[in-house]
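This report concerns only the one structure given below.
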Amino acid sequence: MHALAPVPRRLPQRVVVAGAPGEQLTAFLTRLAAALDVPLVPLTDLSGPAELAALAAFDGWVTTADEEWARPALLARAEVLLQVELEAAGFAGRVRRTLRRIRSDVRPPDLGWVGTATLEHPGLDVVLLPDPDSAESWLRANA
Numbered sequence: 013m014h015a016l017a018p019v020p021r022r023l024p025q026r027v028v029v030a031g032a033p034g035e036q037l038t039a040f041l042t043r044l045a046a047a048l049d050v051p052l053v054p055l056t057d058l059s060g061p062a063e064l065a066a067l068a069a070f071d072g073w074v075t076t077a078d079e080e081w082a083r084p085a086l087l088a089r090a091e092v093l094l095q096v097e098l099e100a101a102g103f104a105g106r107v108r109r110t111l112r113r114i115r116s117d118v119r120p121p122d123l124g125w126v127g128t129a130t131l132e133h134p135g136l137d138v139v140l141l142p143d144p145d146s147a148e149s150w151l152r153a154n155a
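Right, dumping it as C-alpha cells:
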C-alpha cells in the first residue's frame, strides 16, 4: 500500500505590500516576486486605471499600494496584504527613520488604511511583519 502524497500548500499569487519605500522594500519585493514566481509590477510602471484594471485581473503579481487611487482594485483581487517594517528597530534604524522624517521631500507613508482593509475586503489575509527578521522568516516559509 502506498502512502498518500501530501497536498502542497497553495502559495499566494496576488500580493500587495505596504511599507516605507526604499532599498529594503525594493529588495523584499524582488525576492518575494521571485519566490512566488510572479511578476513584480511597480505602480509607477502603470499608465493609469486601464492598466491597473488589467493588472488586477491578471492571475499573479506582487505590487505595493502606495497610491491611494489603486488600492480598491488591487485589494479586491489580492490574496494577501503584507505590512512590512524593514528597518531595524535598534538605534541605527531610529536614526534613519528620524533623518527621513526631517528631510522635507520624504514623508513617512500613511499605513493607517492597512488596519481597515479587512473591513472592505473580508477575505483578504493581512500579515504584519514588524521587523526585518519576521519579514525574512515569512519569506523563507512562503518560498
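Here my numbering runs 12 ahead of the position in the sequence shown, where the first position is 1. From the three backbone atoms N, C-alpha and C, an ideal C-beta is built for every residue, glycine too. Remember, predicted model here, so these are calculated numbers, not experimental data.
Legend entry - Residue environment, LEU41, which counts as buried when at least 16 other CB atoms sit within 10 Å: buried
Inset, instruction - Indicate the three-state DSSP secondary structure (helix, strand or coil) for LEU140 in the structure shown. - result: strand
Legend entry - Spatially closest choice to LEU48 from THR75, PRO84 and GLY135, by CA coordinates: THR75
Legend entry - Spatially closest choice to GLU80 from SER146, PRO61, VAL138 and SER149, by CA coordinates: PRO61
Legend entry - Beta-bridge partners of VAL29, as assigned by DSSP: Beta-bridge partners assigned by DSSP to VAL29: THR76 and LEU94.
Inset, instruction - Starting from PRO134, follow the alpha helix (DSSP H) in both directions and report where the run begins and ends. - result: No alpha helix (DSSP H) holds PRO134; DSSP gives it neither H nor E.
Legend entry - Burial state of ASP145, where buried means 16 or more other Cβ atoms lie within 10 Å: exposed
Inset, instruction - Return the chain-ordered list of same chain residues with a C-beta closer than 7 Å to the C-beta of ARG43, the five sequence neighbours on each side being excluded. - result: LEU151
Legend entry - N- and C-terminal bounds of the alpha helix (DSSP H) containing ALA47: 35–48
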